[in-house]
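Everything in the sequence shown is counted per this note's numbering, starting at 890 for the first residue and increasing by one.
The beta carbon of each residue, even a glycine, is placed where N, CA and C say it ideally should be.
Just so we're clear, the structure is a prediction, and the values are computed from it rather than from any experiment.
Just below is one structure, and these are the notes that go with it.
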Amino acid sequence: DGRLLAVISNQRVNFHRFARFFRDVLQAPNALYFDGKVSRLYAPDRARHDIGFPMGPILGVVRPAD
890 DGRLLAVISN
900 QRVNFHRFAR
910 FFRDVLQAPN
920 ALYFDGKVSR
930 LYAPDRARHD
940 IGFPMGPILG
950 VVRPAD
């Protein structure tokens with residue numbers, strides 16, 4: 890359906906719990922896990938700007954200008 894769902898946890902989570910959340914709660918059959926030790930989120934509309942060591946790669950989502 891074209892949706893991108895990004896999930897970040899404030900505590901440790903194992904693969905089983907991660908997969909069940911996507912399957913059972915979000916009803917998303919596919920998920921991609923990024924290593925939680927280095928992953929960060931920048932989402933100004935959610936007042937989230939995680940600080941950490943500067944590194945890449947970066948995954949970004951943009952929407953077309955109106």
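Can you tell me whether residue i is helix, strand or coil according to DSSP?
i, result
"A917", "coil"
"R937", "strand"
"A895", "coil"
"R952", "coil"
"R901", "coil"
Looking only at its own chain, which residues have a Cβ that is under 7 Å from the Cβ of residue i, when we skip the five neighbours before and after it?
i, result
"L894", "L915, A917"
Have a look at the DSSP bridge pairing and note the partners of residue i.
i, result
"A932", "R937"
Spatial neighbours of residue i within its chain, please: C-beta separation below 6 Å, excluding the five flanking residues on both sides.
i, result
"I947", "none"
Alpha carbon to alpha carbon, what distance is there between residue j and residue i?
i, j, result
"S898", "R952", "25 Å"
"A932", "V896", "12 Å"
"A908", "M944", "26 Å"
"F910", "R937", "21 Å"
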